[in-house]
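K.L.:
Okay, here's the structure, questions in a sec.
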Amino acid sequence: MQYTEPTYRFPPIMPEMLYPAGVYVKSTLRVWAMSRWRGARGFTDFFLGAGYGHLPRGSPRMYRVEEVIHNGVVVPILAHFTNPFDAFYLLGHVFWCGCEFIAFTTHNIFTDYDNVFPSEERMHTL
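Residue numbers (UniProt numbering): 1 to 126.
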């Protein structure tokens with residue numbers, strides 16, 4: 001399926017400046033989320049689901065949230081978008097919703113999750 005524009009709509013809050021023009025963005029973003037009332041994964045699902053609520057029933061799934069777990073610890077939360085325009089649209093945005101916070105940044109596919117937490121033998125490497 002080909003897309004020509006974003007299918008994600010921002011919740012009704014103050015818009016931030018879009019990411020600079022000419023930057024190529026893939027369809028996976030790293031999600032930074034905190035909530036006083038729910039977990040980061042639950043808040044991410046809620047926030048993204050609210051933005052796609054206008055789509056008709058039976059539409060293709062527009063995003064997938066993934067937790068990368070290493071040694072029993074959730075290291076990053078990643079959002080994979082079906083429409084790369086949506087990833088570009090959300091990249092670099094920060095949302096404060098009461099006691100909840102969510103931001104979308106680029107995801108480095110070369111991050112070495114084996115060395116995320118420094119130890120005596122190893123340090124974080126890319």
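Idealized CB from N, CA, C, for every residue including glycine. All of these numbers come straight from a predicted model, not from anything done at the bench.
Out of curiosity, what's the CA-to-CA distance linking V94 and F104?
P.N.:
Residue mapping note: residue 94 aligns to position 94 of the sequence shown, counting from 1. Residue mapping note: residue 104 aligns to position 104 of the sequence shown, counting from 1. So the two alpha carbons sit approximately 7 Å from each other.
K.L.:
Name the two residues that bound the continuous alpha helix (DSSP H) containing F46.
P.N.:
Walking along the sequence shown from the start, residue 46 turns up at place 46. Segment A40 to G51, the alpha helix (DSSP H) holding F46.
K.L.:
Comparing C-alpha positions only, which one of Y63, G39 and H107 sits nearest to A50?
P.N.:
For the purposes of this step, residue 50 is identified with residue 50 of the sequence shown, where counting begins at 1. The residue with the shortest Cα to Cα distance from A50 is Y63.
K.L.:
Residues in the same chain with beta-carbon distance under 8 Å from residue 127, minus the five sequence neighbours each way, listed in chain order, please.
P.N.:
The requested residue 127 is not part of the displayed model; the chain covers only 1 to 126.
K.L.:
If you drop the 5 nearest sequence neighbours on each side, which residues of the same chain put their C-beta closer than 6 Å to that of R36?
P.N.:
Counting from 1 along the sequence shown, the entry for residue 36 is found at position 36. Result list for R36: C99, in chain order.
K.L.:
Thinking T7 and L78 are a contact (beta carbons under 8 Å), I'd like their distance in whole angstroms, please.
P.N.:
Taking the first residue of the sequence shown as position 1, residue 7 is located at position 7. Taking the first residue of the sequence shown as position 1, residue 78 is located at position 78. Incorrect: roughly 19 Å between the Cβ atoms, too far for contact.
K.L.:
Looking only at C-alpha atoms, which of V68, Y52 and W96 sits nearest to M34?
P.N.:
Within the sequence shown, the letter at position 34 stands for residue 34. Of the listed residues, the one whose Cα sits closest to M34 is W96.
K.L.:
Mapping DSSP to helix, strand and coil, what is F88?
P.N.:
The sequence position of residue 88 within the sequence shown is 88, counting from 1. Here F88 sits in helix by DSSP.
K.L.:
Can you give me the Cβ contacts of F43 inside the same chain, cut-off strictly under 7 Å, excluding the 5 residues immediately before and after it?
P.N.:
Position 43 of the sequence shown, counted from the first residue, corresponds to residue 43. Answer for F43: A33, S35, E100 and I102, listed in chain order.
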